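Chemist: Dumping the structure here so I can ask a few things about it.
There are 2 protein chains.
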Amino acid sequence: MAADVLRALPQDVADSALESMEAAAEVAPLMAYEDDGAVGLMTPEFIAIHETVTVSQAMSFIRTWAEEYGAANISQVFLVDNDGVVTGTASLSQLVLARPFHDVSLIMNRDVISVATGTDQKEVARIMKRHDIHRLPVVDDANRIVDMVVIDDIIDVFEHEATEDMFRMIGVDQGERALGPFWRSVRSRLPWLCVNLATAIAAGLVITLYQSTMIQAVALAAFLPVIAGQGGIAGTQTLTLIVRSIALGELATGNAKRLLLKEAGLGLIHGIVVGLLVAGIAFAWKGNPWLALVVGLAMTANMMVAGVSGVLVPLGLRALKIDPGLASAVAVTTATDVIGFLIYLGLATLMITLIVG
Amino acid sequence: MAADVLRALPQDVADSALESMEAAAEVAPLMAYEDDGAVGLMTPEFIAIHETVTVSQAMSFIRTWAEEYGAANISQVFLVDNDGVVTGTASLSQLVLARPFHDVSLIMNRDVISVATGTDQKEVARIMKRHDIHRLPVVDDANRIVDMVVIDDIIDVFEHEATEDMFRMIGVDQGERALGPFWRSVRSRLPWLCVNLATAIAAGLVITLYQSTMIQAVALAAFLPVIAGQGGIAGTQTLTLIVRSIALGELATGNAKRLLLKEAGLGLIHGIVVGLLVAGIAFAWKGNPWLALVVGLAMTANMMVAGVSGVLVPLGLRALKIDPGLASAVAVTTATDVIGFLIYLGLATLMITLIVG
């Protein structure tokens, strides 16, 4: 294709451009092996035209290009200077509607948005979305166009980015597929299951710590999964919302305090409602008002723990420059289990004479 | 705009087309209130040209249209018959490269993919992605073009669809935002917290069922959160993978059996590894080989329960024509809690004399 670009350029310009194009051609194959850079999205179909030609010369070049490549969907051309640096774009409709004897420089759009080779896919996707563009040139260090990202590829990026977010939260490798290889799945999930085991043991330690309380009032055991389960679900609700908001770029760093207050408040409201419900159930079931009080209070407190940890875990990970979603569900459920049990069994220990009395 | 379309048509055709366009114009505003249909994505910018004109007539109409609307990004025109029915498309590049005296019918693409008004956004997104198209006409019952979906809107659909999947799994309303209104969040999350409460109580009932076993060996209590926590995380791993695979259209209905076998097998492998680990920890900690055996066996079994329920819940919901993600995390963690405790405390009851002996 480089040859065709040059055919439309004056000879002296062509020589210089040829040099740049060759340099660019050297860069492209090298990059094709990278996985996460813009190079992985490249399609070789673009038209680059020298900025000094007229509209009529540009149109005739487009005809020549189309005869060679049969492109039925040419919508835009890139304009380059002597060094192969992109200086502007022109849409086919602009060229068709312009006067043939005008210079393309009169109609071209000079605000060219481009990305460097090796730019992260997600960043590329975000730029295309923000600027509402369907084609984004990829340029090398010298600002020479080397390839093109088209919007079709970007849709896949958005789909996979969201999938990755979900997988990472729960400790599933981003490349794992439902019907993929068996041992790939083992490698993907087993490490996080082992991490979770360590954290679950921590919750077990808390129970052991209060073993004498449990022996005195074994009815307490029935509410362990209730306190832990509610805290886990509530914490994961908050967490999911925040991980996704960060991914969609909806959450500025300065909002941390407001977010924390909101989620603590929600935890309080949810905790009061669920706490009253579970206290009622506990009283009706076990007939012990003090047990009901302890269960209700612990529930309310743990719902607040859930809200706060659902905010602090992802924001903390982000502050540490770690992916805010990374196995965050494991961290949040650990917090709600451990702190939830400490509050529940701690309160029960304080009120044990009332409970068993 | 209808007037401009008609200016390019012969008078007799124009009268008939005018009628259809008026009918179409009646349809559009009615639909603008729907939330999830294609109408919500409509942009009024498209060019419809009668199929019997020549390339030169079409180009001159495009120029007239562009003078009026200043469109710098015309890339495609739609060709319509006397009734306003879309019969084909032609890209601007095809028109530019064709001979001016040819009929557009000679160069037009007759395979027009379109969607009916009111088509679900996700279906629209999937069609555009599958066929790699940037603009999709929306047609009414009589197959008359009434509007256009452009790919830019579709990117948002993909982003939000993935977000919705994540939110639905955990019982968060799809419209909720991290910094959105407080009471909106309460309405979004509290209902599922109450559903989860009911299911957590079920797990508590299982513990009460085995209360006499617990009294005889209170050390059993320490492993309740370990059995439940591991099952919950493992089940959610499987679930997330499958919900996402269904959403991405990677999972045909016929694959259920293969998926179930794979996840049961994974549960077994993960269960053996995690079971051995936790049995070792239990033995080192409590110094009771029978307790260690019960904990290890229950862990292995519950990891299989996690794998199987992680498959059955979303596939079951899909078979019932319910969204496969709907609060599925709540359902899966309930299964792993309830069945996990039944297995763990059931085994402990069978072996209680050995454990306390």
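Read top to bottom, the protein sequences are chains E and Z.
Per this note's numbering, residue 105 is the first one in the first sequence, and the count goes up by one each step.
Per this note's numbering, residue 105 is the first one in the second sequence, and the count goes up by one each step.
Ideal Cβ positions, reconstructed from N, Cα and C, are used throughout, including at glycine.
Computed from a prediction, not measured in an experiment: that's the story for all the values here.
1. Could you spell out the range, first to last residue, of the beta strand (DSSP E) harbouring A194(E)?
2. Assuming contact is defined by CB atoms lying nearer than 8 Å, are A307(Z) and P329(E) in contact in what I supplied?
3. Classify I274(Z) as buried or exposed, calling it buried when 16 or more other Cβ atoms lie within 10 Å of its own Cβ.
4. Could you check the C-alpha separation between G188(Z) and I249(Z) for me, to the nearest Å?
5. With H, G and I counted as helix, E and B as strand and the rest as coil, what does DSSP make of D236(E)?
6. If you draw a straight line from the C-alpha of I373(E) to the C-alpha of L365(E), how long is it?
7. Quick check on DSSP: helix, strand or coil for Y458(Z)?
8. Among all the DSSP beta bridges, which residues are the ones paired with A152(Z)?
9. Are the CB atoms of S349(Z) and L355(Z) nearer to each other than 8 Å?
10. So, is E263(E) buried or exposed, given that buried needs 16 or more other C-beta atoms within 10 angstroms?
11. Between I258(E) and D236(Z), what straight-line distance do the alpha-carbon atoms span, to the nearest angstrom?
12. May I ask you to list the residues that DSSP assigns as paired with D251(Z)?
13. How would you call F165(Z), buried or exposed, if buried means at least 16 neighbouring beta carbons within 10 angstroms?
14. Taking buried to mean at least 16 other C-beta atoms within 10 Å of its own C-beta, is R362(Z) buried or exposed?
15. How is A128(Z) classed by DSSP in three states: helix, strand or coil?
16. Does the count of Cβ pairs from the region 229–244 of chain Z and the region 270–289 of chain Z closer than 8 Å reach three?
17. For I456(E), collect the residues of the same chain with a Cβ closer than 6 Å to its Cβ; drop the 5 residues on either side in sequence, then sort them by chain order.
18. Could you tell me whether any Cβ in chain E is nearer than 8 Å to the Cβ of M212(Z)?
19. According to DSSP, V310(Z) sits in a beta bridge with which residue or residues?
20. So, is the C-beta of F286(E) closer than 8 Å to a C-beta in chain Z?
21. Nearest-angstrom Cα distance between P133(Z) and V253(Z)?
22. Please decide whether M125(E) counts as near chain Z, where near means a Cβ-Cβ distance under 8 Å.
23. So, is the C-beta of Q161(Z) closer than 8 Å to a C-beta in chain E?
24. Go through the region 405–455 of chain Z residue by residue and report every complete run of the beta strand (DSSP E) that reaches 3 residues or more, in order.
25. Please report the residue range of the alpha helix (DSSP H) in which H374(E) lies.
26. Pick from T440(Z), G358(Z), A325(Z): whose alpha carbon is nearest that of T312(E)?
27. How far does the alpha helix (DSSP H) with G336(E) in it extend, from its first residue to its last?
28. Please determine, among L458(Z), I346(Z), W287(Z), the residue with the shortest C-alpha to C-alpha distance to P428(Z).
29. Taking the alpha-carbon positions, what's the R111(Z) to M163(Z) distance?
30. I'd like the list of long-range same chain contacts for A405(Z), defined as Cβ closer than 6 Å, with 5 residues on each side in sequence excluded.
31. From the DSSP output, in three-state form, read off T223(Z) for me.
32. With distances taken from CA atoms, which of L416(E), G450(E), S160(E) is nearest Q315(E)?
33. Let me confirm a value: T147(Z) is counted as buried when at least 16 other C-beta atoms fall within 10 Å, else exposed. Which label applies?
34. Rounded to whole angstroms, what's the CA-CA distance from Q341(E) to Q225(Z)? Just pull it up for me.
35. Who are the Cβ neighbours of G335(Z) in its own chain at under 6 Å, not counting the five residues just before and after it?
36. Run down chain Z in chain order and give the residues with a C-beta less than 9 Å from the C-beta of E227(E).
Modeler: The structure says:
1. 190–195
2. yes
3. buried
4. 7 Å
5. coil
6. 12 Å
7. Per the sequence shown, the amino acid found at residue 458(Z) is Leu instead of Tyr. In the structure shown, L458(Z) sits in a helix (DSSP, three-state: H, G or I).
8. F182(Z)
9. yes
10. buried
11. 12 Å
12. V242(Z)
13. buried
14. exposed
15. Confidence at A128(Z) is low in this model, with a pLDDT of 44, below 50, so the placement of that residue is unreliable and no value is reported for it.
16. no
17. T317, Q320
18. no
19. Bridge partners of V310(Z): none, in fact.
20. yes
21. Residue placement at P133(Z) cannot be trusted, given a pLDDT of 30 that sits under 50; what the coordinates show is reported in the next sentence. For P133(Z) and V253(Z), the distance between alpha carbons rounds to 16 Å.
22. Caution is warranted here: a pLDDT of 44 is assigned to M125(E), below 50, making its placement in the model unreliable, and no coordinate value can be reported.
23. no
24. none
25. 360–390
26. A325(Z)
27. 328–351
28. I346(Z)
29. Confidence is the limiting factor: at R111(Z) the pLDDT is only 38, short of 50, which leaves the residue's position unreliable, though a coordinate-based value still follows. Approximately 13 Å, taken between the alpha carbons.
30. I447
31. coil
32. G450(E)
33. In this predicted model, T147(Z) has a pLDDT of only 38, less than 50, meaning its place in the structure is not dependable; the value taken from the coordinates is given anyway. Answer is exposed; the Cβ neighbour count stays below 16.
34. 25 Å
35. N406, A410, T440, G444
36. In chain order: nothing, as chain Z lies at least about 15 Å away.
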